[in-house]
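Colleague:
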Amino acid sequence: MPTLPGHLDYYTQYGINPVRYDTSDPRLHFERRASLYRTLGITPLTIRGSRVLEVAPGTGQNSLYLANQRPKNLTLVEPNPAGQRDIAAVYANARDVVLPEVLACRLEEFEPEEPFDLVVCENWLGDSVHERGLLRKLGGMVADGGLLVVTAVSPVGVLPNLLRRALSNRLAPPDEPFVKRTATLSRAFGPHLQTVGGMTRNATDWVHDNMLNPAYLGVILTVPMVIEDLGASFDVLGSSPRFAPDWRWFKSLCGINRDFNQHLLAEYHGALHNFLDHRTQLPARDAIRNAYLEAGALAVAESLRLWEAGEGDGELVEIAVRKLIAGIADLPTTYRSALDEFLDAFAEPRLTPETVASMSHFGTLFGRETLYLSFEKR
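Numbering (the working numbering), first residue to last: 5 to 382.
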């Protein structure tokens with residue numbers, strides 16, 4: 005598998021921090037964050053008076069919600085100089101918050117003197133051996149009985165954006181200037197993003213972080229991977245979206261039956277198909293069929309990695325997509341229509357941003373890509 009550069013190397017190369025959100029209405033921003041933490045089983049009272057750590061907070065906009073809940077202290081670990089500047093600007097205008105200690109270092113270099121009650125790390129760690137080691141290091145920074153919030157990525161959920169990445173390689177080859185590629189892809193995918201309700205990122209940042217970021221193809225840290233790395237010391241508490249309902253009687257959840265992680269995994273495998281389109285919610289599907297679907301999505305990701313590393317070409321992507329389509333005949337026909345439209349566009353010898361922007365089926369297909377998980381340390 006080709007080795008991918010990290011997010012930080014890419015961000016610093018271009019002096020960017022493409023993780024900004026629309027916070028023009030602070031009340032709505034806080035409500036969104038409160039809803040996320042509520043879904044994860046973390047209330048404001050849980051945060052109040054706690055020692056809190058957030059790693060890779062980006063602009064610091066999301067950390068404002070934590071700071072507003074009056075933790076005992078808040079530590080932010082952010083090595084990107086652009087991110088450090090954004091954090092300083094965000095807190096310079098903040099009111100009624102606990103001011104954070106901002107550490108300009110990598111997680112690899114951070115060794116706290118005592119553990120934290122709540123540790124948060126979202127949209128950063130990927131599936132490499134090194135990054136999974138960092139995930140376990142994060143777990144070691146959580147106090148016994150404390151909470152950890154991390155993100156995983158569904159291979160099925162990321163599939164639509166992997167296919168947009170393939171179109172990007174046709175529209176804006178890597179030998180073109182960065183600014184030109186950004187403009188081209190913003191024109192192509194801006195209309196797609198406008199179809200997503202609740203979208204708070206602008207097209208330029210989205211293009212920088214998803215379509216042009218070399219590290220994006222290494223973000224597929226799956227739920228089973230996270231459970232494997234943390235399960236020896238942590239029990240899953242919640243997820244967003246909530247894909248694992250639990251109808252078991254609480255009195256039965258003791259002894260050998262007190263295994264929340266395996267229950268989450270069983271529900272995950274039956275719900276994989278629901279990650280493909282954020283607009284739909286379907287009944288549970290056979291886990292074996294879903295395993296083939298997930299393997300197909302991972303094959304698309306690998307074909308892209310090989311293509312971008314110069315070890316293959318776009319034909320690998322087309323082959324992987326056609327194999328995946330063969331296994332979704334039982335799913336809504338809208339999925340097949342979207343993937344067929346992608347294949348038609350991908351085969352265009354003179355593909356234009358306008359053609360991509362006007363895609364009526366594929367243009368509205370966005371998956372449930374990022375999955376938040378909360379854990380309690382035993």
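Think of the CB as a built atom: it goes at the ideal place given N, C-alpha and C, for glycine as much as any other residue.
Owing to the predicted nature of the structure, the values given are computational and were not obtained by experimental measurement.
1) Does DSSP put Asn-77 in a helix, a strand or coil?
2) Report the partner residues of Thr-155 according to the DSSP bridge assignment.
3) On the CB-based measure, 16 or more other CB atoms within 10 Å of its CB, does Thr-99 come out buried or exposed?
4) Please report the residue range of the alpha helix (DSSP H) in which Gly-144 lies.
5) Among Val-102, Leu-280, Ala-333, whose alpha-carbon lies nearest the alpha-carbon of Val-4?
6) Does the stretch 89-99 come within contact of the stretch 175-182, defined as at least 3 CB pairs closer than 8 Å?
7) Are the beta-carbon atoms of Cys-109 and Val-59 separated by less than 8 Å?
8) Closest by CA to Val-360, which one among Asp-233, Ser-243, Pro-195?
9) With distance defined between alpha-carbon atoms, name the residue in Gly-137, Gly-274, Gly-144, Asp-334 nearest to Met-229.
10) Please classify Leu-122: does DSSP put it in a helix, a strand, or coil?
11) If we ignore side chains and look at the alpha-carbon of each, how far apart do Leu-80 and Ser-39 end up?
12) Counting only the same chain and skipping the five closest in sequence on each side, list residues whose C-beta sits under 6 Å from that of Arg-262.
13) In chain order, what residues of the same chain have a beta carbon less than 8 Å from the beta carbon of Asn-206, not counting five sequence neighbours either side?
14) Whole angstroms is fine: what's the gap from Arg-191's alpha carbon to Leu-167's?
15) Just checking, does the stretch 327-337 make contact with the stretch 233-244 on the three C-beta pairs under 8 Å criterion?
Modeller: Reading it off the structure:
1) strand
2) Tyr-376
3) Here residue 99 is Arg; the residue named in the question, Thr, does not match the sequence. Looking at its Cβ environment, which holds fewer than 16 other Cβ atoms inside 10 Å, Arg-99 is exposed.
4) 133-144
5) Given a span of 5 to 382 for the chain in the structure shown, any question on residue 4 remains unanswerable.
6) no
7) no
8) If you compare the alpha carbons of Asp-233, Ser-243, Pro-195 with that of Val-360, the shortest gap goes to Pro-195.
9) Gly-137
10) strand
11) 22 Å
12) none
13) Arg-24, Asp-26
14) 17 Å
15) In this structure the stretch 327-337 does not touch the stretch 233-244; the number of beta carbon pairs closer than 8 Å is below three.
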